[in-house]
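Q:
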Amino acid sequence: MATFADLGLGGAVLNAIAELGYDEPTPIQAQAIPVMLGRHDVIAQAQTGTGKTAAFALPIVAHITPDRVPQALILAPTRELAMQVAEAVFKYGKGSRISVAPVYGGQPISRQLAALERGVQVVVGTPGRIMDHMRRGTLKLDHIRTVVLDEADEMLDMGFAEDIEYILQQTPQERQTALFSATMPPAVNALANRYTNKAQRISIAAEQMTAPLTEQSYYEVLPREKLDALCRILDVEAPHSAMIFCRTKSEADQLGESLQGRGYTAEVLHGDLAQTQRDRVMKKFRDGQVELLVATDVAARGIDIPEVSHVINYDVPNDPESYVHRIGRTGRAGRTGQAITIITPRERRQMKIIERVSKSRILRQKLPTLADVAARKREVFRESLREVLIENSLDPYILMVEQMSEEFDPTYLAAAAFKLLLNEVEQEDTITTMEGDAVGVEPGMTRLFIDVGRLDRIRPADIVGAIANESGLSGKQIGSIDIYDRFAFVEVPAQAANTVLRAINGTTLRGKAVNASIAKPKR
Ligand code: AMP
Numbered sequence: 003m004a005t006f007a008d009l010g011l012g013g014a015v016l017n018a019i020a021e022l023g024y025d026e027p028t029p030i031q032a033q034a035i036p037v038m039l040g041r042h043d044v045i046a047q048a049q050t051g052t053g054k055t056a057a058f059a060l061p062i063v064a065h066i067t068p069d070r071v072p073q074a075l076i077l078a079p080t081r082e083l084a085m086q087v088a089e090a091v092f093k094y095g096k097g098s099r100i101s102v103a104p105v106y107g108g109q110p111i112s113r114q115l116a117a118l119e120r121g122v123q124v125v126v127g128t129p130g131r132i133m134d135h136m137r138r139g140t141l142k143l144d145h146i147r148t149v150v151l152d153e154a155d156e157m158l159d160m161g162f163a164e165d166i167e168y169i170l171q172q173t174p175q176e177r178q179t180a181l182f183s184a185t186m187p188p189a190v191n192a193l194a195n196r197y198t199n200k201a202q203r204i205s206i207a208a209e210q211m212t213a214p215l216t217e218q219s220y221y222e223v224l225p226r227e228k229l230d231a232l233c234r235i236l237d238v239e240a241p242h243s244a245m246i247f248c249r250t251k252s253e254a255d256q257l258g259e260s261l262q263g264r265g266y267t268a269e270v271l272h273g274d275l276a277q278t279q280r281d282r283v284m285k286k287f288r289d290g291q292v293e294l295l296v297a298t299d300v301a302a303r304g305i306d307i308p309e310v311s312h313v314i315n316y317d318v319p320n321d322p323e324s325y326v327h328r329i330g331r332t333g334r335a336g337r338t339g340q341a342i343t344i345i346t347p348r349e350r351r352q353m354k355i356i357e358r359v360s361k362s363r364i365l366r367q368k369l370p371t372l373a374d375v376a377a378r379k380r381e382v383f384r385e386s387l388r389e390v391l392i393e394n395s396l397d398p399y400i401l402m403v404e405q406m407s408e409e410f411d412p413t414y415l416a417a418a419a420f421k422l423l424l425n426e427v428e429q430e431d432t433i434t435t436m437e438g439d440a441v442g443v444e445p446g447m448t449r450l451f452i453d454v455g456r457l458d459r460i461r462p463a464d465i466v467g468a469i470a471n472e473s474g475l476s477g478k479q480i481g482s483i484d485i486y487d488r489f490a491f492v493e494v495p496a497q498a499a500n501t502v503l504r505a506i507n508g509t510t511l512r513g514k515a516v517n518a519s520i521a522k523p524k525r
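Residue numbers (the numbering used here): 3 to 525.
1. Looking only at DSSP bridge pairs, what is C248 linked to?
2. Is F287 helix, strand or coil by DSSP?
3. So, helix, strand or coil for G127, using DSSP?
4. Across which residues does DSSP place F451 in a beta bridge pair?
5. Give me the Cβ distance between R234 and L369, rounded to the nearest whole Å; I'm assuming they're in contact under 8 Å.
6. So, for A163: in the same chain, excluding its five sequence neighbours on each side, which residues have a beta-carbon less than 6 Å away from its beta-carbon?
7. What residue does the beta strand (DSSP E) around Q202 start on, and which one ends it?
8. May I ask whether a heavy atom of the ligand AMP can be found less than 8 Å away from the beta carbon of T80?
9. Excluding the 5 residues preceding and the 5 following A297 in the sequence, name in chain order all residues of the same chain whose CB lies nearer than 8 Å to its CB.
10. To test your reading of the DSSP string, which unbroken alpha helix (DSSP H) runs of 4 or more residues are found completely within the segment 122 to 187?
11. Roughly how many angstroms separate the alpha carbons of E153 and L193, rounded to a whole number?
12. Taking a contact to mean a Cβ-Cβ separation below 9 Å, would you say Y94 touches T128 in this structure?
13. Roughly how many angstroms separate the alpha carbons of I480 and N471, rounded to a whole number?
14. Hey, Y220 and Q340: beta-carbon distance below 9 Å or not?
15. Considering Cα atoms alone, identify which of A490, V466, G474, P445 is closest to D458.
16. Use the C-beta contact count for A213: other C-beta atoms within 10 angstroms, 16 or more gives buried, fewer gives exposed.
17. Roughly how many angstroms separate the alpha carbons of V441 and N500, rounded to a whole number?
18. Under a Cβ-count criterion, where at least 16 other Cβ atoms within 10 Å of its own Cβ denotes burial, should M447 be classed as buried or exposed?
19. Considering only DSSP beta bridges, list what N315 is partnered with.
20. With H, G and I counted as helix, E and B as strand and the rest as coil, what does DSSP make of S219?
21. Cβ atoms of V124 and I45: under 9 Å apart, would you say?
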């Protein structure tokens with residue numbers, strides 16, 4: 003059996019591999035690494051779990067020169083995969099001082115800009131966001147020497163074909179191109195043939211096509227608790243992309259609004275949206291700018307919906323066929339997916355019928371408690387901490403820590419910072435609706451949070467003026483205004499809340515850029 007050194011790897015990369023405890027190359031690595039080290043193109047069929055990431059990442063790391071320009075570009079279908087791959091490159095490149103930037107939708111572009119400006123050598127991202135940066139001129143591809151298309155079949159499934167071609171056309175002709183894909187349908191083959199040159203084809207015997215790995219569960223709640231139950235499930239599951247199905251259009255509409263009001267990024271897919279509007283919604287969803295897509299069966303039909311991590315039935319589907327059809331949007335091609343159904347006691351029988359006819363095992367679950375939600379929040383927080391650590395743009399903060407650690411133990415410092423950031427408050431664990439009085443908002447009004455306050459010399463008249471000027475509401479329609487030192491709250495008619503946000507975000511108040519959002523409910 004060949005060793006990693008036999009494959010042509012050396013120096014710091016070998017040390018990194020040893021440190022990770024990889025004893026010997028996996029079959030895909032044994033085949034792909036020498037080809038990639040020789041700067042030849044590769045078309046590889048390999049699934050997740052075969053060690054495919056290292057198969058392309060190790061040669062990339064070995065090839066990187068000290069120039070602080072993007073030298074390798076890795077395209078991946080989802081934010082999660084982009085993060086995983088970036089983390090892998092980071093680990094393999096540790097001893098080689100390689101800088102890598104993950105770039106994906108759903109994360110503030112400013113953070114990514116800062117990373118790119120510092121000069122990164124490996125860029126890993128989703129096609130949509132990579133294109134954004136190319137258009138802004140913040141990502142230059144003229145020094146790219148290797149491009150990897152990871153999980154090409156998934157990227158095409160998600161509708162990224164045009165974006166990928168555009169990106170490839172902007173990279174140097176003499177680049178090395180590697181395409182990795184779990185399956186090789188004709189579209190993937192065509193893409194591979196068009197953009198690779200004398201590629202070596204590698205195929206790792208697929209360990210049988212796995213059946214969809216969809217976990218199916220349901221929750222039973224009272225009708226009036228459905229929205230709260232859904233939010234709690236969303237908070238715990240923290241889906242990267244979820245489709246939420248409703249039975250009727252008006253229910254979908256209402257749910258979409260409620261979710262937006264609670265601060266989730268959600269869009270509604272209507273049967274009566276114009277084609278261009280549908281395309282816009284779908285693009286946002288694919289790019290990861292929106293995590294939740296609320297739809298009816300009718301609206302979702304005939305639309306090329308990308309694979310999602312979660313399918314949630316907010317209503318029990320009318321028949322077993324539509325249940326099966328809905329949940330088919332998740333758990334494709336050997337990935338795990340979650341299919342969750344929220345039912346009320348009266349729908350128990352219907353759920354049983356669906357379970358029997360669809361020959362599925364649908365487990366009844368207990369609704370997550372607030373403690374579960376808090377635990378999950380901490381986990382999500384830990385994940386974002388890891389992202390920040392990988393991006394490694396911490397200089398001013400390191401200085402702060404160094405200064406303060408003369409006074410305090412760094413462990414305590416970190417713990418205090420976490421406490422401040424997580425801002426956990428004790429709450430009573432009863433599901434109660436949080437509309438109206440409970441949020442302390444006038445009925446029919448929505449409370450907005452604005453990040454300017456007394457210290458910015460903001461007065462109520464400034465806020466009224468800005469909202470009236472920018473959004474066309476009259477002064478009378480604007481409700482109570484509370485101004486604090488650094489921020490302010492203002493109530494506006496609920497149906498105008500999003501318009502107001504769009505209108506005032508990006509404007510300035512007393513010279514300070516305004517950043518407004520729907521206020522979190524008062525607890
Ligand atoms: P992947 O197929 O790229 O998602 O990798 C699957 C897992 O295998 C990852 O957790 C890798 O860290 C691990 N891995 C990759 N190559 C090796 C190797 N040669 N020996 C042991 N583990 C490996």
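We put the beta carbon where it would ideally sit given N, CA and C, even for glycine.
A: The structure says:
1. Note: C248 sits in a beta bridge opposite T298.
2. In this structure, F287 counts as helix in the three-state DSSP scheme.
3. G127: strand per DSSP, three-state reduction.
4. In DSSP, F451 forms a bridge with F491, S519.
5. Rounded to the nearest angstrom, the Cβ distance from R234 to L369 is 6 Å, consistent with a contact under 8 Å.
6. Short of 6 Å from the beta carbon of A163, and not among the five residues preceding or following it, lies no beta carbon of its own chain.
7. 202 to 205 is the span of the beta strand (DSSP E), which, as asked, contains Q202.
8. No, the Cβ of T80 stays beyond 8 Å of every heavy atom of the ligand AMP.
9. The answer, listed in chain order, is M245, I246, F247, C248, A254, V270, L271.
10. You should have 129 to 138, 154 to 159, 163 to 171.
11. Each residue's Cα considered, the two are about 13 Å apart.
12. Contact: no.
13. Straight-line spacing of the CA atoms in I480 and N471 works out to 12 Å.
14. No, Cβ-Cβ distance for Y220 and Q340 is not below 9 Å.
15. Ranked by Cα distance from D458, the first of A490, V466, G474, P445 is A490.
16. Note that A213 scores a pLDDT of 39, beneath 50, so its modelled location is shaky and nothing firm can be said.
17. With a pLDDT of only 40 at V441, under 50, the local geometry of the prediction cannot be trusted, and the value read off the model is given with reservation. Taking the straight line from one Cα to the other gives about 18 Å.
18. It is buried - the Cβ of M447 has at least 16 other Cβ atoms within 10 Å.
19. In DSSP, N315 forms a bridge with F247, T343.
20. Looking at S219 - three-state DSSP - the assignment turns out to be strand.
21. No; because the gap between Cβ atoms is not below 9 Å, this pair is not in contact.
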